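For what it's worth, our numbering labels the leading residue of the sequence shown as 43, then goes sequentially.
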Amino acid sequence: MNLKSLIVNFVVTFIIAFAVTAIATLLWNLVQSGTANVDWATSFRLALILGIAFPLVEAMRGKSEKEKK
Numbered sequence: 043m044n045l046k047s048l049i050v051n052f053v054v055t056f057i058i059a060f061a062v063t064a065i066a067t068l069l070w071n072l073v074q075s076g077t078a079n080v081d082w083a084t085s086f087r088l089a090l091i092l093g094i095a096f097p098l099v100e101a102m103r104g105k106s107e108k109e110k111k
């Protein structure tokens with residue numbers, strides 16, 4: 043896996059995780075307190091963590107499968 047595909051996977055994972063976390067915190071705050079607040083810090087943090095972790099795991103999995111062949 044080359045650097046370009048790692049960056050693309052990071053960006054896609056980051057955007058999806060950010061959007062899902064923002065929507066989840068919005069809905070949670072609406073149900074819990076009745077206010078429409080989004081926890082942007084948590085959304086950004088989780089998106090950054092998942093955006094780094096998932097592409098690296100995928101790259102390592104692909105590398106180990108190539109070694110087995």
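Glycine is no exception: its CB is placed at the ideal position from the N, C-alpha and C atoms. Note that the structure is predicted; figures quoted are calculated from it, not measured.
Classified as exposed, Thr-84 has fewer than 16 neighbouring CB atoms from the shown chains inside 10 Å of its CB. By a beta-carbon distance limit of 8 Å, Asn-51 contacts Pro-97. Their separation comes to about 4 Å.
Check the Cα spacing between Ala-59 and each of Leu-48, Leu-72, Gln-74 and Trp-82: the tightest is with Trp-82. DSSP places Gly-76 outside any alpha helix (DSSP H), giving it a letter other than H or E.
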